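Novice: I have a structure here, written as C-alpha cells, and I will follow up with some questions on it.
There are 2 protein chains.
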Amino acid sequence: MAGRDSAATHASIVDVAARAGVSVATVSRALRDYPHVADATRARVHDAARDLHYVADANASRLASGRSNTIGLLAPILTSWYTSEVIAGVEEMLQDAELDLLISTRPGSPDARRVFGPDGAFRQRVDGMLLVDMFVGEAGATELAKVAAPAVVLGESLQTLTSLSIDNRLGAELATRHLLELGHRRIGLIGGVITPASQSSVPDDRTAGYLAALAGQRVRRERSLQVDGLFTIEGGRRASRQMLLGPNPPSAIFCMSDEMAFGVMQTARELGLSVPGDLSLIGFDDHPASEAFGLSTIQQPVREMGRMGARLMIDILAGHGTSCAHHPLGIALVSRASTAAVSST
Amino acid sequence: MAGRDSAATHASIVDVAARAGVSVATVSRALRDYPHVADATRARVHDAARDLHYVADANASRLASGRSNTIGLLAPILTSWYTSEVIAGVEEMLQDAELDLLISTRPGSPDARRVFGPDGAFRQRVDGMLLVDMFVGEAGATELAKVAAPAVVLGESLQTLTSLSIDNRLGAELATRHLLELGHRRIGLIGGVITPASQSSVPDDRTAGYLAALAGQRVRRERSLQVDGLFTIEGGRRASRQMLLGPNPPSAIFCMSDEMAFGVMQTARELGLSVPGDLSLIGFDDHPASEAFGLSTIQQPVREMGRMGARLMIDILAGHGTSCAHHPLGIALVSRASTAAVSST
DNA sequence: CCGACTTGTGCAAACGCTTCCAGTCGGAAC
DNA sequence: GTTCCGACTGGAAGCGTTTGCACAAGTCGG
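First to last, the protein sequences are chains P and Z.
The numbering used here applies: residue 439 is where the first sequence begins, and numbers increase by one.
The numbering used here applies: residue 439 is where the second sequence begins, and numbers increase by one.
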C-alpha cells in the first residue's frame with residue numbers, strides 16, 4: 439500500500455535535508471545522535487527521514503567514515519554443527535549492534551598474509567574479525583596483531599590476542615575420569631586432527647587430559663588404544679572398528695567429539711556390541727542429537743561462545759574492552775545412558 | 439617479511455596509476471579486464487598493482503558502480519543442519535564468483551516490506567538475495583519481484599520467482615509406499631510446522647504424499663496417527679510417545695525430518711521397543727548422522743541446492759539466466775536398517 | 001588521399017556520505 | 001557595553017572508485 443518502494447531510486451540524505459529544512463551535515467549528525475544538535479532540529483530530521491523511508495547508504499557511509507560496520511568471520515568449515523551454532527550466537531549479538539556479518543571459509547592455513555593479503559577476502563572489508571577454530575597459534579597471533587583490524591579468536595587460548603575457549607584438557611580429564619570411576623581400565627581414545635592444514639591444539643589438549651586422568655589412576659597408556667577419528671562420523675566408525683576388532687579391545691571409549699562417538703555407536707551395532715553393556719562410550723560437545731541417543735558427553739557452551747566472541751569484538755570496536763586476554767568458558771559432564779560400570783566378565 | 443602491509447594505509451588506485459604511468463581510469467579498466475585497453479598497458483598496470491599489493495576498496499567501488507557484489511541470504515534459522523549445508527553450497531559457488539555473502543536471520547514472517555523496508559538489513563546492501571526456507575508464497579513472491587534486487591527462492595516451488603526445490607509430495611509418497619510395501623498398514627506420520635510464523639507448504643506437500651500413498655493401497659487414514667513433531671528431535675520424541683502409548687499404536691512411522699526420527703528412536707529406546715523389530719521408521723533428509731544410526735530416509739541434495747541456487751543468482755546478475763522458473767531437484771529413497779517387514783505378531 | 005570508424009587513453013563528474021572548519025547567535029563574564 | 005564562550009548549524013572538502021565523454025592516433029574502404 440505504501441507504494442513508492444518499488445524499483446524507484448531511494449531517498450538520499452539531501453532529500454532528507456531539504457525536507458527538514460537543514461543542511462546535510464546536520465542530518466548526518468542528527469540521525470546518528472551526535473551532540474550539538476538542538477532537540478527540535480533532531481526531531482524534525484528524524485521525522486523527515488521516517489517520512490522518506492530514508493536509510494543511509496551503507497557503502498557511502500563506509501567510504502566516508504572509513505568504518506565498515508562489518509565484522510568478518512572465518513572458519514575452516516561451515517557445515518559442522520559446532521560452527522553453525524557459533525555463527526548463530528554471533529549473529530544474535532551483531533543484530534542488535536547493527537553490524538553486518540561477512541562469512542568466509544578458509545580450509546587452508548590461517549596465515550595472516552593469506553587472509554589480509556592482496557587476495558584476502560577480508561582485507562579492507564571489515565572492522566574486525568572473528569576466527570573460529572582457525573588455530574592460529576601464538577606465532578600467527580603475533581602476525582594478526584599487527585594488522586589493522588582487531589581479531590578475536592575462538593577455540594584457542596592465546597596471549598597476544600583476545601581469545602575465548604573452554605579448557606579442553608580439563609574436559610578430556612573429566613570424561614576419562616568418569617570412565618575410570620566406573621571401573622574401566624582399558625579406555626580407548628578417538629581423536630584426530632580437525633583440519634588437515636592446521637595444527638590445532640585441541641586434540642593435543644584433550645589427549646593431555648586423557649593421559650592425565652589415566653596417570654591419576656596409575657593406568658598405563660596403550661598406543662593401540664589411541665586412534666585418529668578425523669572428527670567425523672565415518673572416521674569414528676573406522677577408528678572404533680580398528681580398536682574393537684584388535685587383539686585387546688577397550689571396555690570404554692572416549693571420543694573427542696560426539697560425532698565420532700556416533701560412528702562408534704554404528705560400529706557397536708555392526709559388531710553386535712551393546713552400549714553400555716559391552717562398551718561404555720563418552721563424547722565431547724553435547725551435540726543436539728546426543729541426548730536422543732543417550733550419549734554421555736562433555737557439554738560446552740557453543741552458542742554462548744559465539745555470543746561472547748561477538749560481544750568482545752563489539753567492545754573492542756567501541757574502544758572499551760581489553761584487546762588481549764583469554765576468556766575461559768565453563769564445561770560440564772553430562773552422564774547419560776552410554777556409560778556404565780564395567781561389566782565383570 | 440614483506441614489511442609494509444602493517445597498519446600503514448593501503449595503496450590506492452592513484453598510486454597504481456602513478457606507478458604504471460597511466461591515468462586512474464585506465465587502471466580501473468585494465469584491472470577489471472575491460473576492452474579497449476592495450477595489452478602492454480594492461481600488463482604494466484597489473485604489475486604495478488601487484489607490486490603495490492593493491493586491492494580495490496570494496497566500498498568505494500560499490501558506491502561508484504552501484505553494484506554491491508554482495509548477495510544476501512535469508513533463512514529462518516542458521517543452526518539447522520539443513521541451513522548450514524545450503525549455506526556451505528552457496529558459499530562454495532560464491533567464492534569463485536568473487537561475491538560476498540551477507541547472512542541474516544529473520545525468524546518472523548518473510549514479508550518483503552520487512553526485509554527491504556526502512557529497517558531491513560538487506561535493503562540497498564545486496565545485489566540479489568537467496569531466500570532459504572522462507573516460504574514466501576505466491577503472494578510474497580509477487581511482492582518480492584517488484585523489488586530492485588532479484589531473488590532466488592529455495593525450498594519452495596514458485597511461478598513468479600526463480601525457485602528451487604525437491605518434490606516433497608513425491609518424497610513423502612516414496613517413503614510411505616516403502617513402508618506399505620513392507621506390509622505395514624498402520625503408518626504414523628510425524629510432521630509439523632517448520633517455523634511458527636510462516637505457513638510452509640512443505641508439511642502440506644509431504645502430508646499429501648503420505649495420504650496419496652495410503653490411498654493407493656486403500657488404507658484408511660487415521661487422525662490419531664498424524665501428530666505434529668515441530669521438526670525437532672524433542673518434538674519427534676513427544677509426538678511418537680503420544681502415538682505409541684495411545685490405544686492403537688502404529689507399526690511404522692514416517693517422519694518429515696530425520697531429526698524428528700531421532701526423537702522417535704529415543705522414544706523407542708525409552709519404551710523398550712526395538713527398531714525395526716517392533717517399529718519401522720523412516721525419515722526425510724538424509725542427515726549426516728542417519729547413516730550411523732541406520733535410519734532409512736529420503737535423501738535430498740541439500741548442498742547441491744545451495745550450489746545451484748547461487749549459480750542461478752550469478753547467472754541472473756550476469757544478465758543471462760531466466761529470471762523466473764522453477765528448478766526441481768532429485769530425491770532418492772535410502773533404505774537402511776530402521777525399516778523392515780511388518781512382524782506377524 | 002579523405003572521411004568514418006575503431007582503439008587506446010585521459011579528464012572530470014558523479015556516487016552519498018562524514019567531518020573539519022568556520023560562522024552565527026544568544027547570553028554570561030568582566 | 002564589550003568580549004568571550006559555548007551551543008548550533010552550514011559549507012565544502014574529501015573518501016576511492018567507476019564511467020560518460022572527449023580526444024589523439026591509427027586503420028580502412030572508397
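In this text, a Cβ means the ideal position worked out from N, Cα and C, and glycines have one as well.
Values in this document were obtained by computation on a predicted structure and should not be read as measured data.
Would Z:A494 pass as a contact of Z:T543 if the rule is Cβ separation under 8 angstroms?
Specialist: no
Novice: Considering only C-alpha positions, which residue in the set P:A775, P:L750, P:R774 and P:G667 is nearest to P:P766?
Specialist: For P:P766, the nearest C-alpha among the options comes from P:L750.
Novice: Rounded to the nearest angstrom, what separates Z:E708 and Z:G575 at their Cα positions?
Specialist: 40 angstroms
Novice: Looking at chain Z, which residues of the segment 722-736 of chain P have a Cβ within less than 9 angstroms of any of its Cβ atoms?
Specialist: H725, P726, A727, E729, A730, F731 and G732
Novice: Ignore the nearest five residues each way along the sequence and tell me which others in P:R457's own chain have a CB closer than 8 angstroms to its CB.
Specialist: Closer than 8 angstroms at Cβ, skipping near neighbours: A486, D489 and L490.
Novice: Given this structure, state the Cα-to-Cα distance separating Z:S776 from Z:D716, to the nearest angstrom.
Specialist: 10 angstroms
Novice: Who are the near neighbours of P:S639 in its chain, counting only those whose CB is closer than 7 angstroms to its CB and skipping five residues on each side?
Specialist: F573 and E594
Novice: Would you kindly report the start and end of the unbroken beta strand (DSSP E) that includes Z:I720?
Specialist: Its beta strand (DSSP E) spans residues S718 to I720.
Novice: Give the residues from the segment 687-707 of chain P that approach chain Z closer than 8 angstroms (Cβ to any Cβ), ordered along the chain.
Specialist: E697, F700, G701, M703, Q704 and R707
Novice: Distance, Cα to Cα, Z:F669 vs Z:T464?
Specialist: 56 angstroms
Novice: Does any CB atom of chain P fall closer than 8 angstroms to the CB of Z:H448?
Specialist: yes
Novice: Closest to Z:H448 by CA distance: which of Z:M743, Z:M703 and Z:A496 is it?
Specialist: Z:A496
Novice: Is Z:T600 closer than 8 angstroms to Z:I754 when the C-beta atoms are compared?
Specialist: Between Z:I754 and Z:T600, the C-beta gap is smaller than 8 angstroms, which places the two residues in contact.
Novice: Keeping to the same chain, check which residues put their C-beta closer than 8 angstroms to that of P:V460; ignore five residues upstream and five downstream.
Specialist: A468, T479, R482 and V483
Novice: Give a yes or no on whether the minimum CB-CB distance between Z:R679 and chain P is below 8 angstroms.
Specialist: no
Novice: Look up P:A456 in the DSSP assignment and say whether it is helix, strand or coil.
Specialist: For P:A456, the secondary structure class from DSSP, reduced to helix, strand or coil, is helix.
Novice: Quick one: using the 10 Å Cβ neighbour count with 16 as the cut-off for buried, is P:Y520 buried or exposed?
Specialist: A residue is called buried once 16 or more other Cβ atoms fall within 10 Å of its Cβ, and P:Y520 is buried on that count.
Novice: Based on the DSSP output, what are the partners of Z:A770 in its beta bridges?
Specialist: Z:Q737
Novice: Between the segment 488-502 of chain P and chain Z, which residues of the former have CB atoms less than 8 angstroms from a CB of the latter, in chain order?
Specialist: R488, H491, Y492, V493, D495, A496, N497, A498, R500 and L501
Novice: Just to check my reading of the structure: P:E523 and Z:T517 have Cβ atoms closer than 8 angstroms, yes? What is that Cβ distance to the nearest angstrom?
Specialist: 6 angstroms
Novice: To which residues of the same chain is P:E529 closer than 7 angstroms at the C-beta, ignoring the five residues directly before and after it?
Specialist: These residues qualify, in order along the chain: L539.
Novice: Based on the DSSP secondary-structure assignment, which residues constitute the bridge partners of Z:T535?
Specialist: Residue 535 of chain Z is actually Ala in this sequence, not Thr. According to DSSP, which records beta bridges pairwise, Z:A535 is partnered with nothing at all.
Novice: Rank Z:G701, Z:S695 and Z:L612 by C-alpha distance to the C-alpha of Z:Q680 and give the top, closest one.
Specialist: Z:G701
Novice: Pairing CB atoms from the segment 503-510 of chain Z with CB atoms from the segment 717-728 of chain Z, are three or more of them under 8 angstroms?
Specialist: Flag = no, the segment 503-510 of chain Z and the segment 717-728 of chain Z do not touch.
Novice: As a quick exercise: from P:G621, P:E619, P:A646 and P:L620, pick the residue whose alpha carbon is nearest that of P:L627.
Specialist: P:A646
Novice: Answer yes if the segment 681-690 of chain Z comes into contact with the segment 576-585 of chain Z, meaning at least three C-beta pairs across the two stretches below 8 angstroms, and no otherwise.
Specialist: no
Novice: Out of curiosity, what's the CA-to-CA distance linking P:V564 and Z:D534?
Specialist: 20 angstroms
Novice: Any C-beta of chain Z sitting closer than 8 angstroms to the C-beta of P:L668?
Specialist: no
Novice: Enumerate in chain order the residues of its own chain whose CB-to-CB distance from Z:F560 is below 8 angstroms, with the five nearest sequence positions on each side excluded.
Specialist: G510, L512, L540, S542, V553, F554, M567 and A587
Novice: Measuring alpha carbon to alpha carbon, tell me which of P:R659, P:V740, P:V657 and P:A706 ends up nearest P:R676.
Specialist: P:A706
Novice: Which runs of the beta strand (DSSP E), 3 residues or longer, sit entirely within the segment 671-706 of chain Z?
Specialist: 690-693
Novice: Please report the Cβ distance between P:S734 and P:R774, rounded to the nearest whole angstrom; I am assuming they are in contact, meaning their Cβ atoms lie under 8 angstroms.
Specialist: 5 angstroms
Novice: For the segment 475-524 of chain Z, list the beta strand (DSSP E) runs that are entirely contained and at least 3 residues long, ordered along the chain.
Specialist: With a minimum length of 3 residues, the unbroken runs of beta strand (DSSP E) contained wholly in the segment 475-524 of chain Z fall at 508-513.
Novice: In whole angstroms, what separates the C-alpha of Z:P548 from that of P:F692?
Specialist: Unreliable placement is indicated for Z:P548, whose pLDDT of 49 sits below 50; the coordinate value is still reported in the next sentence. Answer to the nearest angstrom: the Cα atoms are 44 angstroms apart.
Novice: Excluding the 5 residues flanking Z:D696 on each side, which residues of the same chain have their C-beta closer than 8 angstroms to its C-beta?
Specialist: G721, F722, D723, D724, H725, A727, S728, L733 and T735
Novice: Residues in the same chain with beta-carbon distance under 6 angstroms from P:D453, minus the five sequence neighbours each way, listed in chain order, please.
Specialist: L490
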